[in-house]
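Peer 1:
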Amino acid sequence: MLKIISNQDFDTFSQNAKEAPRKRSHHNLHEQLDAGVQRLFISTEPDTYMRPHRHSEEHKWELFLVLKGQLDLLIFDDEAMLLNATAYHQTQTERLRSHRVHGMAMHAWNQALSG
């Protein structure tokens, strides 16, 4: 089934994040929670906290696609040492110029910081 997400939908996701206690909201595209591929939009606001985490199951992976705003993605090793930090920043008047999509390796510890 084709799901179309409009600009109005994105505005709603953003408003939901602003009003949420944790300053983020999820909108699932997958039909069931046990779907093989979990597709979702996560709208975040500045000052939200997303703890470092990883998915240890072989079939789970993450893909970050920054559509608007800014996000810093941190990658850690098993000893919590920072391996990589990538900034994804975009304003209303400029498009992302370098990094826009990040495919996450399986088992990689990661944390997303919303700015």
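Counting from 44, one number per residue, gives the positions in the sequence shown under this note's numbering. Backbone N, C-alpha and C define an ideal beta-carbon position, used for all residues, glycine too.
1) Please classify A167: does DSSP put it in a helix, a strand, or coil?
2) Count the other C-beta atoms from every protein chain shown that fall within 10 angstroms of the C-beta of T136, then say buried if there are 16 or more, exposed otherwise.
3) Using C-beta distances below 8 Å, list every residue in its chain close to L83, excluding the 5 sequence neighbours before and after it, in chain order.
4) When DSSP labels each residue in this structure, what does S99 get in the three-state scheme?
5) Going by C-alpha distance, which of T55, R65, V80 is nearest M93?
6) Could you check the C-alpha separation between A60 and L125 for me, to the nearest Å?
7) Going along the chain, which residues of its own chain have a beta-carbon closer than 8 Å to the beta-carbon of A128, five neighbours each way excluded?
Peer 2: Reading off the structure:
1) An answer regarding residue 167 cannot be provided, because it is not within the stretch 44 to 158 covered by the chain.
2) On the sequence shown, residue 136 is found 93 positions in, with the first residue counted as 1. Because the pLDDT of T136 is 48, which lies under 50, any placement of that residue in the model is unreliable, and the number read from its coordinates should be weighed accordingly. With fewer than 16 Cβ atoms within 10 Å of its Cβ, T136 is classed as exposed.
3) The count along the sequence shown starts at 1 and reaches residue 83 at position 40. For L83, where only same-chain residues beyond five positions count, the Cβ hits under 8 Å are H69, H70, N71, L72, H73.
4) As a working mapping, residue 99 is identified with position 56 in the sequence shown. Here S99 sits in coil by DSSP.
5) As a working mapping, residue 93 is identified with position 50 in the sequence shown. Answer by Cα proximity: R65.
6) Stepping through the sequence shown from its first residue, residue 60 is reached at position 17. Stepping through the sequence shown from its first residue, residue 125 is reached at position 82. The straight-line gap from Cα to Cα measures roughly 28 Å.
7) Counting from 1 along the sequence shown, the entry for residue 128 is found at position 85. For A128, where only same-chain residues beyond five positions count, the Cβ hits under 8 Å are D115, L116, L117, I118.
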